[in-house]
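Before any comments, here is the structure.
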Amino acid sequence: MIAACYSMKRGAQGVPLPPDELAEALARANDAILLGSDNAVALSRAAHAVVYLGNEYDRAVTLAEQARSLNPNLAGVWHTRGWINIMCSDGHQAIESFAQLLRISPVDPMRHITWQGLAWAHCFVEQYEEAYDWAMKAWAVQKSPNVFALATMVVNAILAGRCDQARNAAEQLKHVAPGFRIMHTQEMFRTRREDLRERIAGALRAAEIPE
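According to this note's numbering, the sequence shown is numbered sequentially starting from 4.
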């Protein structure tokens with residue numbers, strides 16, 4: 004959970020962790036993997052941290068599948084698997100993971116995060132209208148959307164051709180995080196494929212997010 008908190012901090016703020024915090028997060032994730040090799044919660048949380056903070060894509064996939072084999076009925080395992088699919092640029096697999104999560108936990112109070120995941124998953128497979136619909140659904144239920152939520156909305160609105168909605172979300176993003184820059188997307192939106200990273204940056208640029 005310590006590693007997970009650091010991951011959430013970087014995701015919510017969209018800026019790099021200081022070196023000491025990054026080292027602490029990865030150390031705690033590796034402790035969890037070592038000590039919790041038979042625990043689906045420990046493995047899934049650690050798997051997310053090692054890819055999001057440490058760029059260990061293949062290792063994260065292996066850990067997520069290990070967690071799934073230990074407890075395939077645990078919603079958190081499918082949550083982690085879905086986001087690892089996103090970071091590994093596998094949109095189709097991510098759609099499958101998040102759909103299974105919603106079947107297991109349809110009224111989860113944090114399901115807006117799953118909807119954001121579905122937005123990115125559909126975006127990656129170029130289903131932009133579906134991506135926009137999921138992003139809008141997630142945005143609509145958040146009273147105080149963070150940087151990640153707002154940027155999700157901006158990117159998917161631009162790609163779906165919804166310029167007014169994109170500008171609205173972009174203005175909120177600039178208000179919530181005036182220091183946010185397109186270069187921070189490399190930290191916030193961890194995904195393996197360069198073309199997808201460029202697609203995200205291009206959409207933010209079109210919404211007039213500063214470089």
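Beta carbons: idealized from backbone N, C-alpha and C, even for Gly.
inquiry  = Taking the alpha-carbon of V64 as reference, which of L56, R84, G57, Q119 has the nearest alpha-carbon?
reply    = For the set L56, R84, G57, Q119, the Cα lying nearest the Cα of V64 is the one of R84.
query = Which value, in whole angstroms, describes the spacing of the CA atoms of A51 and I87?
reply = One point to set straight first is that residue 51 is His, not Ala, in the sequence displayed. Answer to the nearest angstrom: the Cα atoms are 6 angstroms apart.
query = Between L199 and the rest of its own chain, which residues show a CB-CB distance below 7 angstroms, the 5 nearest in sequence each way excluded?
reply = S92, F127
key: Three-state secondary structure (DSSP) of V144   = coil
query = Is it right to say G182 is buried, meaning 16 or more other beta carbons lie within 10 angstroms of its own, or is it exposed?
reply = G182 should be labelled exposed.
inquiry  = Using the three-state DSSP reduction, which class does G39 fall into: helix, strand or coil?
reply    = In the structure shown, the three-state DSSP call for G39 is coil.
message = Less than 9 angstroms between the C-beta atoms of H187 and V54, yes or no?
response = no
key: Closest Cα partner of Q175 within the set Q145, A204, R196   = Q145
query = How is V110 classed by DSSP in three states: helix, strand or coil?
reply = coil
ask   = When we look at the beta-carbon of P148 and count the other beta-carbons within 10 Å, is it buried (16 or more) or exposed?
value = buried
request  = Give me the Cβ distance between I107 and L66, rounded to the nearest whole Å; I'm assuming they're in contact under 8 angstroms.
outcome  = 20 angstroms between Cβ atoms; not a contact.
message = What residue range does the alpha helix (DSSP H) around H82 cover?
response = 78-90
ask   = In the structure shown, what three-state DSSP assignment does T155 receive?
value = T155 carries a helical assignment under DSSP once its states are collapsed to helix, strand and coil.
inquiry  = Let's test the definition: count the other Cβ atoms within 10 Å of the Cβ of G14 and tell me whether it reaches 16, buried, or not, exposed.
reply    = With 16 or more other Cβ atoms inside 10 Å of its own Cβ, G14 counts as buried.
query = Should I98 and L121 be called a contact, given that it needs their Cβ atoms to be closer than 9 angstroms?
reply = yes
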